[in-house]
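Working notes for the structure below.
Protein chains: 2
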Amino acid sequence: MRIAVDGMGGDYAPAEVVKGAVEAARRYGISVLLVGPSDRIRAELDKHDISGCAIEIVPADEWLVEGEHPALAFRTKKGASIFVATRLVKEGKADAVVGYGNTGGVVAAAMQVLGTVGGLSRPVVGGPFLGFAPDLVMMDMGGNPDCRPDQLLEFAVVGTVFARKLFKIEDPKVAILSNGAEEGKGNELVRESWPLFKRSGLNFVGSAEGSDILSGKANVIVCDGFVGNILVKFCESLGAATGHWLEGRLKGKLPDAEIRDLVGTLSAITNGADTNGGGPMWAVNGVVVKGHGRSKAPEITKGIGQAKLAVEADIVGALRMELARVKQATAAVI
Amino acid sequence: MRIAVDGMGGDYAPAEVVKGAVEAARRYGISVLLVGPSDRIRAELDKHDISGCAIEIVPADEWLVEGEHPALAFRTKKGASIFVATRLVKEGKADAVVGYGNTGGVVAAAMQVLGTVGGLSRPVVGGPFLGFAPDLVMMDMGGNPDCRPDQLLEFAVVGTVFARKLFKIEDPKVAILSNGAEEGKGNELVRESWPLFKRSGLNFVGSAEGSDILSGKANVIVCDGFVGNILVKFCESLGAATGHWLEGRLKGKLPDAEIRDLVGTLSAITNGADTNGGGPMWAVNGVVVKGHGRSKAPEITKGIGQAKLAVEADIVGALRMELARVKQATAAVI
Chain A
2 MRIAVDGMGG DYAPAEVVKG AVEAARRYGI SVLLVGPSDR IRAELDKHDI
52 SGCAIEIVPA DEWLVEGEHP ALAFRTKKGA SIFVATRLVK EGKADAVVGY
102 GNTGGVVAAA MQVLGTVGGL SRPVVGGPFL GFAPDLVMMD MGGNPDCRPD
152 QLLEFAVVGT VFARKLFKIE DPKVAILSNG AEEGKGNELV RESWPLFKRS
202 GLNFVGSAEG SDILSGKANV IVCDGFVGNI LVKFCESLGA ATGHWLEGRL
252 KGKLPDAEIR DLVGTLSAIT NGADTNGGGP MWAVNGVVVK GHGRSKAPEI
302 TKGIGQAKLA VEADIVGALR MELARVKQAT AAVI
Chain B
2 MRIAVDGMGG DYAPAEVVKG AVEAARRYGI SVLLVGPSDR IRAELDKHDI
52 SGCAIEIVPA DEWLVEGEHP ALAFRTKKGA SIFVATRLVK EGKADAVVGY
102 GNTGGVVAAA MQVLGTVGGL SRPVVGGPFL GFAPDLVMMD MGGNPDCRPD
152 QLLEFAVVGT VFARKLFKIE DPKVAILSNG AEEGKGNELV RESWPLFKRS
202 GLNFVGSAEG SDILSGKANV IVCDGFVGNI LVKFCESLGA ATGHWLEGRL
252 KGKLPDAEIR DLVGTLSAIT NGADTNGGGP MWAVNGVVVK GHGRSKAPEI
302 TKGIGQAKLA VEADIVGALR MELARVKQAT AAVI
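Chains as they are written, first to last, in the numbering used here: chain A, 2 to 335; chain B, 2 to 335.
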């Protein structure tokens, strides 16, 4: 398996990216194609023992910088490392691409070079977002603020494939996030989505309330990106506030190191979206793993590991098949 | 000041209601009108020392029970205690009514007997919901799942009066909950609401993200009841899950009593809507305080205290004035 990595993407590129990539090549026994300016990548590689590792440099003498307009860059900087890396997937020279740089750049590369699966309009952002519910997939968590019922259903299909392929749950339970569990409750979007979900052949278990994110009622909970984004950010900040409060309450009663560990763990639990080193960008015609720019080598190694898992699970093929099945089940509605 | 209390409302009525009412009469120096069957209320009063307390029994020989259909009951059980108590306000015999029974019954009584202020369509549910942000008013937290921009603006007016009158914040900062802070971001509702908010004369500070619920960016954050309900329930369940996790982590490292206290406090912080003994029902033409049925005497005393504060602050008059001002400022739009 060959995984292309944007060597110039991320706040600590290329040093941390190269370091993480070397570790990934060794740990997972895969080939890594590091894309970037040969001299700088080579200089970083020289700092590590790469004996026995399958690492190759793919030259690219440009790269995107933070704040750069992605669509514009795609036209004027065709040789930028993230675009070169993504084209390796398109051309069959790599099985996946991993990027930790400018989010818009990774998305633009994915959409322009690879396109979407089955006519999905936009990539879907989602996955586990809370350590207390590690086997729950929440979608959408950001990209699509106003949704139609057929889009919610697309998220459910993506979430189902995600849970099936990456969590090994055979028949994931799917729910729609709402302000009440009963049919007929909810906002207009929820009420209009129910009939579609019931016909979908997915394992639809009804609506989930806010408390059901933690109750285990469903493996996949869908909502529009407006609600998803608010929940993720609220969850992170509530974790931080709780940690701060705990520090005050526990100071002097437990050793400082233990308090720090407790608070740090709570922060990781409530920042689920942040701590798994990035995840696959769903709905793209190829495996693209995108991570936070502030990631360091350990997260980058994990992100490359995520890409390997996604390729092995054939998430793209599985999504294509499931989308086709659901489209048929719901007739011409989506 | 005279406050009518539904003596038969609540899971522990009449015993706990009477106990809480006696304490309220003593603590706040107010008159309490206890509404219910004279013999049962009298029997409860006899258990307490009421010397020096201004307490009066207003007879009512019927009452609502849990699960009873409120609108139907309003027609067929006109003599039920909550209706009698609410009519005391309408007739000027009481300054406020406090009810801990069947929520639908309290709402039906308020709407049918007293009506709404300034043409608001429905009561607004809201107030502080998180102990880490005690001075923040969130509205709506339940009643109105699909909202128009003019309804969001109504919530903002109610929240502004709430923060000004009950938190003594002179010019409360108002924000719209959204998935991004900038103008132009958000869902359709948020984007359409901005121009209205900018014209309103309220202290509009823009959109608030999920993390801003705790950041202090605003004193009043408005959202539709769909999002509000999900947030409240998620917050409660995250507090419970965190408490459970803390118990496991701290067991054996701190005395059990201290762990229990820590977990209990966290639960109270994340159940803000639950622990303040109930709050005023906004948009009603009179002061109506509604609390959870499972409340006991201390919460009921606090609820009566809330009613007293609301009367002293003249929340109804203040809301009427502010609504008129904002309607003028936004021209004929709302």
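Just so you know, even glycine gets a beta-carbon here, dropped at the ideal spot from N, CA and C.
Contacting residues, own chain, Cβ-Cβ under 8 angstroms from Ala95/B (five flanking each side not counted): Residue mapping note: residue 95/B aligns to position 94 of the second sequence, counting from 1. The residues are Arg3, Ile4, Ala5, Leu34, Ala86, Leu89.
Top-ranked residue by Cα proximity to Gly190/A, from Ser216/A, Pro150/A, Ala209/A, Arg28/A: Position 189 of the first sequence, counted from the first residue, corresponds to residue 190/A. The sequence shown places Leu at residue 190/A, rather than the Gly named in the question. For the residues Ser216/A, Pro150/A, Ala209/A, Arg28/A, the minimum Cα distance to Leu190/A belongs to Pro150/A.
Local Cβ density within 10 Å of Ala26/B, reported as buried at 16 or more and exposed below that: What you label residue 26/B is simply residue 25 of the second sequence in a count that begins at 1. Buried is the call here.
Exposed unless 16 or more other CB atoms sit within 10 angstroms - verdict on Glu67/B: Taking the first residue of the second sequence as 1, we reach residue 67/B at position 66. Glu67/B is exposed by the Cβ-count criterion.
Contact set for Lys186/B: own chain, Cβ-Cβ below 7 angstroms, skip 5 residues either direction: Along the second sequence, one-based indexing puts residue 186/B at 185. Annotation for Lys186/B: Ser179, Asn180, Ser208 place their beta carbon closer than 7 angstroms to its own, counting only its chain and skipping 5 residues before and after.
Simplified DSSP state of Glu184/B, which is helix, strand or coil: On the second sequence, position 183 is the one that residue 184/B refers to. Glu184/B falls in the coil class under three-state DSSP.
Whole-number beta carbon distance between Trp246/B and Phe133/A, since they are thought to touch under 8 angstroms: Counting from 1 along the first sequence, the entry for residue 133/A is found at position 132. Counting from 1 along the second sequence, the entry for residue 246/B is found at position 245. Going by Cβ atoms, the distance from Phe133/A to Trp246/B rounds to 7 angstroms, so yes, they are a contact pair.
Proximity test, Cβ basis, 7 angstroms: Leu215/B and chain A: Taking the second sequence and counting its residues from 1, one reaches residue 215/B at position 214. Yes, Leu215/B counts as interfacial toward chain A.
Distance between Gly128/B and Gly280/B (C-alpha atoms, nearest Å): Position 279 of the second sequence holds residue 280/B. Position 127 of the second sequence holds residue 128/B. Roughly 8 angstroms between the two C-alpha positions.
Status (buried if at least 16 other CB within 10 Å, exposed otherwise) for Leu73/A: Translated into the one-based positions of the first sequence, residue 73/A becomes position 72. Here Leu73/A is exposed: its Cβ has fewer than 16 other Cβ atoms, across all protein chains shown, within 10 Å.
Contact check, Val233/B vs Met140/B, beta carbons under 7 angstroms: Within the second sequence, the letter at position 232 stands for residue 233/B. Within the second sequence, the letter at position 139 stands for residue 140/B. Cβ distance not < 7 angstroms, so Val233/B and Met140/B don't count as in contact.
Nearest residue (CA-CA) to Gly202/A, options Ala110/A, Asp315/A, Phe235/A, Ala325/A: Here residue 202/A refers to the residue found at position 201 of the first sequence. It is Ala325/A.
Where Ile335/A sits in the DSSP three-state scheme: Within the first sequence, the letter at position 334 stands for residue 335/A. In this prediction, Ile335/A has a pLDDT of 48, which is less than 50 and means its spatial position is unreliable; nothing more can be read from the coordinates.
For Asn204/B, the three-state DSSP class (helix, strand or coil): Translated into positions along the second sequence, residue 204/B becomes position 203. If DSSP states are grouped into helix, strand and coil, Asn204/B belongs with the strands.
First through last residue of the alpha helix (DSSP H) which encompasses Gly318/B: For this step, residue 318/B is matched to residue 317 along the second sequence. Residues 316-330.
Where the beta strand (DSSP E) through Ile56/A begins and ends: Here residue 56/A corresponds to residue number 55 of the first sequence, with the count starting at 1. Annotation: the continuous beta strand (DSSP E) that includes Ile56/A extends over 55-60.
Gly11/B, buried or exposed, once every other Cβ within 10 Å from all chains shown has been counted against 16: Against the second sequence, residue 11/B aligns to sequence position 10. With 16 or more other Cβ atoms within 10 Å, it is buried.
Inter-residue Cα distance where the pair is Met9/B and Ala97/B: By 1-based counting over the second sequence, the position of residue 9/B is 8. By 1-based counting over the second sequence, the position of residue 97/B is 96. Their backbone Cα atoms lie some 17 angstroms apart in a straight line.
Element boundaries [beta strand (DSSP E), containing Val290/B]: Your numbering for residue 290/B matches position 289 in the second sequence. Element bounds for Val290/B: 288-291.
Integer-rounded CB distance, given that Leu131/B should sit under 8 angstroms from Ile270/B: On the second sequence, residue 270/B is found 269 positions in, with the first residue counted as 1. On the second sequence, residue 131/B is found 130 positions in, with the first residue counted as 1. Yes, they are in contact, since the Cβ atoms of Ile270/B and Leu131/B sit about 7 angstroms apart, within 8 angstroms.
Backbone CA spacing between Gly160/B and Met282/B [nearest angstrom]: Residue 160/B sits at position 159 when you count from the first residue of the second sequence. Residue 282/B sits at position 281 when you count from the first residue of the second sequence. Near 12 angstroms, if we compare the C-alpha coordinates of Met282/B and Gly160/B.
Below-7 angstroms beta-carbon distance, Lys234/A vs any chain B residue: Translated into positions along the first sequence, residue 234/A becomes position 233. Yes, contact with chain B.
Closest residue to Leu251/B among Cys148/B, Leu239/B, Gly240/B, Val264/B (Cα-Cα distance): Position 250 of the second sequence, counted from the start, is the residue given in the question as residue 251/B. Closest by alpha carbon: Val264/B.
C-alpha distance - Pro173/A paired with Val138/A, whole-angstrom precision: The count along the first sequence starts at 1 and reaches residue 173/A at position 172. The count along the first sequence starts at 1 and reaches residue 138/A at position 137. About 10 angstroms.
Interfacial residues, the stretch 153-166 of chain B to chain A, with Cβ spacing under 8 angstroms: none
Cut-off 6 angstroms between Cβ atoms - residues of its own chain near Val289/B, not counting five sequence neighbours on either side: Taking the second sequence and counting its residues from 1, one reaches residue 289/B at position 288. Closer than 6 angstroms at the Cβ level, and outside the excluded window around Val289/B, lie Val98, Ala111, Met282.
Gln329/B classed as buried or exposed, judged by whether at least 16 other C-beta atoms fall within 10 angstroms: On the second sequence, residue 329/B is found 328 positions in, with the first residue counted as 1. When all chains shown are included, Gln329/B counts as exposed.
Minimum Cβ-Cβ distance from Ala209/A to chain B less than 7 angstroms: As a working mapping, residue 209/A is identified with position 208 in the first sequence. No, Ala209/A does not count as interfacial toward chain B.
CB contact flag (Gly102/B, Asp257/B, <7 angstroms): One-based indexing of the second sequence puts residue 102/B at position 101. One-based indexing of the second sequence puts residue 257/B at position 256. Taking the C-beta atoms as reference points, Asp257/B is found no nearer than 7 angstroms to Gly102/B.
Helix, strand or coil at Ser212/B according to DSSP, with G and I counted as helix: Taking the second sequence and counting its residues from 1, one reaches residue 212/B at position 211. Residue state for Ser212/B is assigned as helix, using DSSP reduced to three classes.
Coil, strand or helix - Asp172/B by DSSP: For the purposes of this step, residue 172/B is taken as the residue at position 171 of the second sequence. Note: Asp172/B maps to coil in three-state DSSP.
Presumed contact (8 angstroms Cβ cut-off) between Leu310/A and Leu167/A, rounded CB distance: Indexing the first sequence from 1 puts residue 310/A at position 309. Indexing the first sequence from 1 puts residue 167/A at position 166. Between the beta-carbon of Leu310/A and that of Leu167/A there is about 6 angstroms, and that keeps the pair under the 8 angstroms contact cut.
Proximal chain A residues relative to Ala242/B, where beta-carbon distance stays under 8 angstroms: The count along the second sequence starts at 1 and reaches residue 242/B at position 241. Chain A residues near Ala242/B: Phe133, Leu215.
Residues in the stretch 276-308 of chain A having any Cβ partner in chain B nearer than 9 angstroms: Listed in chain order, the positions of the stretch 276-308 of chain A with a beta carbon within less than 9 angstroms of a beta carbon of chain B would be empty, since no residue qualifies.
Close-in-space but distant-in-sequence residues of the same chain around Ala109/B (CB under 7 angstroms, 5 per side omitted): Looking up residue 109/B in the second sequence gives position 108. If we look at Ala109/B and ignore the five residues flanking it on each side, its Cβ neighbours are Pro71, Ala72, Phe75.
Cα-Cα separation, Lys218/A to Val126/A: As a working note, residue 218/A is residue 217 in the first sequence. As a working note, residue 126/A is residue 125 in the first sequence. When the Cα atoms are used, Lys218/A and Val126/A turn out to be separated by approximately 21 angstroms.
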